[in-house]
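A.B. asks:
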Amino acid sequence: RMLHLMIAGNIYQTEKHLNYCYDEETNSYNFREELKYIQPILSLGDVTIANLKTAFAGDPKNMFSAPDEFALALKYSGINALMHANLHAANIDRAAFNRTRDLMNEMNMYYTGAFADNFQRKGNYPLIINKKGFTIAILNYGTLNDRPAISRNFYINEIDKSQIETDMHMARAY
Numbered sequence: 002r003m004l005h006l007m008i009a010g011n012i013y014q015t016e017k018h019l020n021y022c023y024d025e026e027t028n029s030y031n032f033r034e035e036l037k038y039i040q041p042i043l044s045l046g047d048v049t050i051a052n053l054k055t056a057f058a059g060d061p062k063n064m065f066s067a068p069d070e071f072a073l074a075l076k077y078s079g080i081n082a083l084m085h086a087n088l089h090a091a092n093i094d095r096a097a098f099n100r101t102r103d104l105m106n107e108m109n110m111y112y113t114g115a116f117a118d119n120f121q122r123k124g125n126y127p128l129i130i131n132k133k134g135f136t137i138a139i140l141n142y143g144t145l146n147d148r149p150a151i152s153r154n155f156y157i158n159e160i161d162k163s164q165i166e167t168d169m170h171m172a173r174a175y
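When the sequence shown is numbered by my numbering, its final residue is 175 and no position is left out of the sequence of numbers.
(1) The beta strand (DSSP E) spanning Ile50 covers which residue range?
(2) Can you tell me which of the three DSSP states Leu43 falls into?
(3) With contact counted as at least three CB pairs below 8 angstroms, one residue from each stretch, are the stretch 122-139 and the stretch 38-45 in contact?
(4) Exposed or buried, which one is His89 when buried takes at least 16 other CB atoms within 10 Å?
(5) Would you mind giving the Cβ-Cβ distance between Thr49 and Asn81, rounded to the nearest angstrom? I have them listed as a contact below 8 angstroms.
(6) Kindly list the residues whose CB is nearer than 7 angstroms to the CB of Ser29, restricted to its own chain and excluding five residues on each side of it in sequence; keep chain order.
(7) Beta-carbon within less than 8 angstroms of Met7's beta-carbon, same chain only, minus the 5 sequence neighbours each way: which residues are those?
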């Protein structure tokens, strides 16, 4: 038995990328050209993890938000697990967080690191993935120095040694 685990890096969009991928004829974004060279590699993974350093708030003009077409492009590039405990998640509001989470669920992508509240975290963390007879536990934390008030009404995993030890114990139990 074999399980291919792929780990990509940070995933985000800059204004330059958005301008390049915008199609004026269809008034939409097309990211196929941007991801076509990594898709054959990322698709080799049974589980392909990336660090999502953007949100899907429905407002591409917001520097912390990407268009929904980008989420679809990520899915078709082979990425199927997204980590969201990072400072970029701390720069969005609860509505953007909820919309991002809902879009990830709609795309059947694994998603962890940020939660609506601690109750939701307790029921969904650590992220457990079962593939090909293997069980994988994924933990995700970020350093959130000077976390903006805009994101203080949802939960983002912060690096805390005691909490990580507790989460590791839970992961082993699974």
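We treat Cβ as the ideally placed atom computed from N, Cα and C, and that holds for glycine.
C.D. replies: According to the structure shown:
(1) Val48 to Leu53
(2) helix
(3) no
(4) buried
(5) 6 angstroms
(6) Glu70
(7) Ile42, Leu43, Leu45, Gly46, Val48, Thr49, Ile50 and Gly79
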